[in-house]
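Notes follow once the structure below has been shown.
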Amino acid sequence: MAALAIAAGLIVGAAPAHAEETEFTGDVLRLAEVLGALTHLDGLCGGGDGAVWRAKMQALIDAETPQPETRRRYVDVFNRANRTYAALYLGCSDRARAAIDRLLDEGGRVTGRLAHE
Numbered sequence: 014m015a016a017l018a019i020a021a022g023l024i025v026g027a028a029p030a031h032a033e034e035t036e037f038t039g040d041v042l043r044l045a046e047v048l049g050a051l052t053h054l055d056g057l058c059g060g061g062d063g064a065v066w067r068a069k070m071q072a073l074i075d076a077e078t079p080q081p082e083t084r085r086r087y088v089d090v091f092n093r094a095n096r097t098y099a100a101l102y103l104g105c106s107d108r109a110r111a112a113i114d115r116l117l118d119e120g121g122r123v124t125g126r127l128a129h130e
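For the sequence shown, position 84 matches number 97 in the working numbering, and the numbering has no gaps at all.
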């Protein structure tokens, strides 16, 4: 999880002042989804309460300062992913740990793309 925490930190410096409907916005939406899912899974398997992933999401929003409608979309995607993963994963299992690994990998790739835009 440390890899995505570091990678998500990079996005703070990479975000433009106002995102448009671009590939960048799509990547930010996907990163919001990954962070929402990790918020739930970290509470199950990581021993934390997911606060680090919520903080990363807040830092992303703060750094980007999106328009209100875009901000709502980011928050909605984050919350929907959190609820979806809460319904799918009720406890820590091999499947949940595999999901964490996949999400960390994907989050790292998305963050890498965002850092280069």
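Heads up, the beta-carbon is just placed ideally off N, CA and C, and yes, glycines get one too.
Classification of residue i by the beta-carbon crowding that lies within 10 angstroms, buried from 16 upward
i	result
ASP40	buried
GLU130	exposed
GLY60	exposed
GLU36	exposed
GLU82	exposed
ALA45	buried
Nearest residue (CA-CA) to residue i, options the options
i	options	result
VAL47	SER106, ASP107 and TYR87	TYR87
ALA100	THR38, ARG67 and ALA50	ALA50
Close-in-space but distant-in-sequence residues of the same chain around residue i (CB under 7 Å, 5 per side omitted)
i	result
CYS58	CYS105, ALA109, ARG110 and ILE113
TYR98	ALA50, HIS53 and LEU54
ARG126	ASP40
Distance between beta carbons of residue j and residue i, contact taken as under 8 Å
i	j	result
VAL123	ARG43	5 Å
ASN95	HIS53	5 Å
ILE74	ARG85	At roughly 10 Å, the Cβ-Cβ gap does not stay under 8 Å, so ILE74 and ARG85 are not in contact.
Close Cβ partners of residue i (< 8 Å) along its chain, the five nearest in sequence each way excluded
i	result
TYR102	HIS53, LEU54, LEU57, ARG108, ALA109 and ALA112
Neighbourhood of residue i by C-beta, 6 Å cutoff - its chain only, sequence neighbours within 5 removed
i	result
LEU116	VAL47, ALA50 and LEU51
Report task. Entirely within the segment 32-104 and at least 4 residues each: give me those alpha helix (DSSP H) ranges in chain order. Result -> 36-54, 64-77 and 81-101
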